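**Q** FYI, my numbering numbers position 174 of the sequence shown as 174, with every residue one higher than the one before it.
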Amino acid sequence: MELFSEGIAQTLESILENKEVREAYKKKVLLSYPKQTLISITFNIPGSIKTNPQIERVFQLAITAFARYCRDNELKLIDTTCKLLATGPEYYAVIDSTREDIKNICIQFESFYQIGRLMDIDVYRLNAEEELVIIDRDQLDRTPRKCFICSNSAKACTRNKTHSIAELRQKINEMCQTI
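1) Count the C-beta pairs between the stretch 53-67 and the stretch 12-25 that are closer than 8 Å, then say yes if the count reaches three, no if not.
2) Which first and last residues belong to the beta strand (DSSP E) in which residue 40 is found?
3) What residue from 179, 172, 177, 176 has the CA that sits closest to residue 46's CA?
4) Under a Cβ-count criterion, where at least 16 other Cβ atoms within 10 Å of its own Cβ denotes burial, should residue 90 be classed as buried or exposed?
5) Output yes or no for whether 7 Å exceeds the beta carbon distance between residue 29 and residue 16.
6) What's the gap between the Cα of residue 24 and the Cα of residue 111?
7) Could you please give the first and the last residue of the uninterrupted beta strand (DSSP E) stretch that includes residue 181?
8) Let me check one thing: in DSSP terms, what residues is residue 82 bridge-paired to?
9) Out of 128, 176, 103, which one is the CA nearest neighbour of residue 143?
10) Helix, strand or coil: how does DSSP classify residue 136 here?
11) Could you give the distance in angstroms between the alpha-carbon of residue 53 and the alpha-carbon of residue 170?
12) Opposite residue 48 in the DSSP bridges: which residues?
13) Using only the alpha-carbon positions, how far apart do residue 115 and residue 139 sit?
14) Going by Cα to Cα distance, which pick from 136, 63, 148, 88 is closest to residue 80?
15) Using CA atoms only, rank isn't needed, just tell me which of 105, 78, 168 is closest to residue 137.
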């Protein structure tokens, strides 16, 4: 399966605009569920093509696996939304559990499932000022996420552009062959 053989290239402007829309959407959801926790899932897709039928199919498989993993770990999904956008697929789930438990389960899923390594799973809550607050690995004294190519820090590899887009896409294609 070649994930990047087709699709409409997105501009940096459209990607950044969508990021703002995502932030507003997350806040809106949490204002509707102020005592709950929100999970946001996107794919780590390098380059300007962020979606196509193959990427959407893999994303749906990933979401199905994630929902099953949540059920297996007794997390109750209260409300879910999946958006298939030109800037990439997005999934949101409101969950009733402690933020720390949710983040730890998300980290386990990202780490132990092949498909989880492609996912960017973020956990959010609202603070007293009704601002979005992300629950990250550092707050839980967890090790940084590893790059799926070299096992160094994923953030460092991204920041330093250690791997080319072609190299990242090749690895993602290989990973998706086993799904």
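Don't be surprised by glycine CBs; every beta carbon is placed ideally from N, CA and C. Keep in mind that this is a model prediction, so the values were computed, not measured.
**A** According to the structure data:
1) no
2) For the purposes of this step, residue 40 is taken as residue 40 along the sequence shown, with counting starting at 1. Segment 37-43, the beta strand (DSSP E) holding residue 40.
3) What you label residue 46 is simply residue 46 of the sequence shown in a count that begins at 1. Answer by Cα proximity: 172.
4) Along the sequence shown, read from residue 1 onward, the residue named residue 90 stands at position 90. When all chains shown are included, residue 90 counts as buried.
5) Position 29 of the sequence shown holds residue 29. Position 16 of the sequence shown holds residue 16. Their beta carbons are not under 7 Å apart, which means residue 29 does not touch residue 16 by this criterion.
6) Translated into positions along the sequence shown, residue 24 becomes position 24. Translated into positions along the sequence shown, residue 111 becomes position 111. Near 28 Å, if we compare the C-alpha coordinates of residue 111 and residue 24.
7) As displayed, the chain neither begins before 1 nor continues past 179, which places residue 181 out of reach and without an answer.
8) For the purposes of this step, residue 82 is taken as residue 82 along the sequence shown, with counting starting at 1. Paired residue(s): 91.
9) Position 143 of the sequence shown holds residue 143. Per the Cα distances, 103.
10) For the purposes of this step, residue 136 is taken as residue 136 along the sequence shown, with counting starting at 1. In this structure, residue 136 counts as coil in the three-state DSSP scheme.
11) On the sequence shown, position 53 is the one that residue 53 refers to. On the sequence shown, position 170 is the one that residue 170 refers to. Near 18 Å, if we compare the C-alpha coordinates of residue 170 and residue 53.
12) Taking the first residue of the sequence shown as position 1, residue 48 is located at position 48. None, per the DSSP bridge assignment.
13) Taking the sequence shown and counting its residues from 1, one reaches residue 115 at position 115. Taking the sequence shown and counting its residues from 1, one reaches residue 139 at position 139. Spanning the two alpha carbons is a distance of roughly 24 Å.
14) Looking up residue 80 in the sequence shown gives position 80. Considering only alpha carbons, the answer is 63.
15) Mapped onto the sequence shown, residue 137 falls at position 137. Minimum Cα distance to residue 137 is reached at 105.
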